[in-house]
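Engineer:
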Amino acid sequence: MAPRTRALSGKDASFLIGKFDYSDIFSMVGLSTTRDKADVTVLKDLGKAYVPGHFDGTLRLSGIFSAVEDKELQSYVEEASEPIISTLILGNKRLDRAKMSQIVTSEYGIDTPVDDKAGISGSGQASGLMHHCVALTNVGQQIAAATNLTDLVTPGAKTFIDLGDGHKWKRVRLHVHLTAKGAGLTGFSVKVTSGAAVTGNNIQNPTNRNGAAGVNIFGPQMYVFEFKAPEGQTVDRHWTFLLTPTGGAAGGTVTAAFGRSQE
Amino acid sequence: MPKPIHGKDARLFAAVGNPANADNISRFLNKESLPRVRDVYDVTTQGAASKEYISGLTDATFSFGGPFIAVADEKFSEWMGENRLNFGFYPAGVGAAFGTGEEERPLYKGIMFLTEYSLDANVGDKISVSAAAQIVGVPVRDPAA
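Protein sequences appear in the order of chains A and B. For the first sequence, the positions run 4 to 266 when our numbering is used. For the second sequence, the positions run -15 to 129 when our numbering is used.
1. What residues are listed by DSSP as bridge partners for Gln118 of chain B?
2. List, in chain order, every chain B residue whose beta-carbon is nearer than 9 Å to that of Ala5 of chain A.
3. What residue does the beta strand (DSSP E) around Phe12 of chain B start on, and which one ends it?
4. Short of 7 Å in beta carbon distance, which residues of its chain neighbour Ala5 of chain A, apart from the five on each side in sequence? Order them along the chain.
5. Would you please verify whether the beta carbon of Gln30 of chain B is less than 8 Å from any beta carbon of chain A?
6. Which residues mark the beginning and the end of the alpha helix (DSSP H) in which Gln77 of chain A is found?
7. Give the DSSP bridge partners of Val50 of chain A, in chain order.
8. Using a Cβ cut-off of 9 Å, pull out every chain A residue sitting near Gly121 of chain B, in sequence order please.
9. In whole angstroms, give me the CA-to-CA distance for Lys102 of chain A and Asp43 of chain B.
10. Along the stretch 72 to 102 of chain B, what residues have a CB closer than 8 Å to any CB found in chain A?
11. Helix, strand or coil for Asn205 of chain A per DSSP?
12. Roughly how many angstroms separate the alpha carbons of Ala(-6) of chain B and Tyr74 of chain B, rounded to a whole number?
13. Between A:Gly66, A:Asp48, A:Asp27 and A:Ser35, which lies nearest to Gly60 of chain A when the distance is taken from Cα to Cα?
14. So what's Gly235 of chain A in DSSP terms, helix, strand or just coil?
15. I'd like to know if Val45 of chain A contacts chain B, where contact means its C-beta is closer than 8 Å to some C-beta of that chain.
16. Hey, does His180 of chain A have any beta-carbon neighbour from chain B nearer than 8 Å?
17. Tell me, please, whether the CB atom of Lys59 of chain B is closer than 8 Å to any CB atom in chain A?
18. Quick one: measure Cβ to Cβ for Val67 of chain A and Ile28 of chain A, integer angstroms, because I've assumed they're closer than 8 Å.
19. For Ser124 of chain A, which beta-bridge partners are listed by DSSP?
20. Report the rounded CA-to-CA distance for Met133 of chain A versus Asp26 of chain B, giving the unit in angstroms.
21. So is Val32 of chain A in contact with chain B if we call contact Cβ pairs under 8 Å?
22. May I ask you to report which of helix, strand or coil DSSP gives Glu58 of chain B?
23. Can you tell me which of A:Val227, A:Gly33, A:Gly235 and A:Arg7 puts its alpha carbon nearest to the alpha carbon of Asn106 of chain B?
24. Near Leu76 of chain A, which residues of its chain fall below 6 Å by C-beta distance, leaving aside the five closest residues on each side in sequence?
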């Protein structure tokens, strides 16, 4: 895990989009969350008055042109009909801080100046950007056997994933970037365990795109699972995720991250 | 006679809830900025020899930034979801008594909410963070101007 009380070099960041790790072509990644403010100043006020509004997120990227990655990146602008998950990890180890979002790509450009490298740049809206996230696996963790990912989180342990008392959230999400699939890896399951429920609060049935258990894997893929608190409520609860691959000699590489948001 | 001070002595304290529990977050920062502005309206008429103005409402924002440090990132990420953040800013450093300002070490205090939190990871530099906030109402100076 990267040092928690020391600064980090940009070279130590890792960035994944969809089923690819783009850490070897991007040289700069920037993520911003903004919050609207509404002017509520009235005549009697001595100074301007505001109330906070909606959150918004943006993503900025730049790097070197590579034909293999270009084929995928340009498709995010031309063809992608759904947001694509992205995970920025500040480090490359399990429990390193992370930022998670779903990207709606608005721009992808290629620049080829005569006196410099061919470069790329991109930008987009970061839908549902979460700053409060942590890597559940090492970046590109090898799946050596069917069971070696079952202890990503030790239930009850005071890791960040175990939110503990006082950590209120409205939305939690799990990103799984399966960047390579081994012949023996046939699927995986995601199990969410929770601590004592807060009286009066109920968790909505989890909403996800690929199912919470028994997910079949046919190739490299991205998976996202999201759980939301009921409207108007926050939840104060322990959460742990267990990511269990299935199959014989599994094989493949995976990067997973977990995040929570107060909005 | 003015006494210039170095920026390294500035201190920013902030907390959700009781200001007495405010945390010294300057240990994670390398810059803070407190711009205070006032609306200005151009009322120049055709007979004027030069431009004329009247003043309007005041406004204040706060911004800070520094290297990415995981424990600070946890704190700033939490603050993005809060609507009221108590702060105390000592541009010249903390004086003898925390919580009060002195003639040569004034204190600006008030309430703010974050309007932006950004992170930049550049392969040729340190990972850095920056944040901007809207101050609610007018920041109070101690001692009063």
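Backbone N, C-alpha and C define an ideal beta-carbon position, used for all residues, glycine too.
Structural biologist: Straight from the coordinates:
1. B:Thr45 and B:Phe97
2. Ala54
3. Per DSSP, Phe12 of chain B belongs to no beta strand (DSSP E) and is neither H nor E.
4. Leu11, Asp15, Leu93, Gly94, Lys96 and Asp99
5. no
6. Ala70 to Glu81
7. Looking at the sequence shown, residue 50 of chain A is not Val but Gly. In the DSSP output, where bridge partners are listed per residue, Gly50 of chain A has B:Thr42.
8. Asp48, Leu49, Gly50, Lys51 and Ala52
9. 32 Å
10. Phe97, Leu98, Thr99, Glu100, Tyr101 and Ser102
11. Low confidence applies to Asn205 of chain A: its pLDDT is 32, below 50, so where it sits in the model is not reliable enough to give any reading.
12. 6 Å
13. A:Ser35
14. coil
15. no
16. no
17. no
18. In the sequence as displayed, the identity of residue 67 of chain A is Ile instead of Val. Contact holds; Cβ gap of about 5 Å.
19. A:Ser65 and A:Gly112
20. 43 Å
21. yes
22. helix
23. A:Gly33
24. Tyr111
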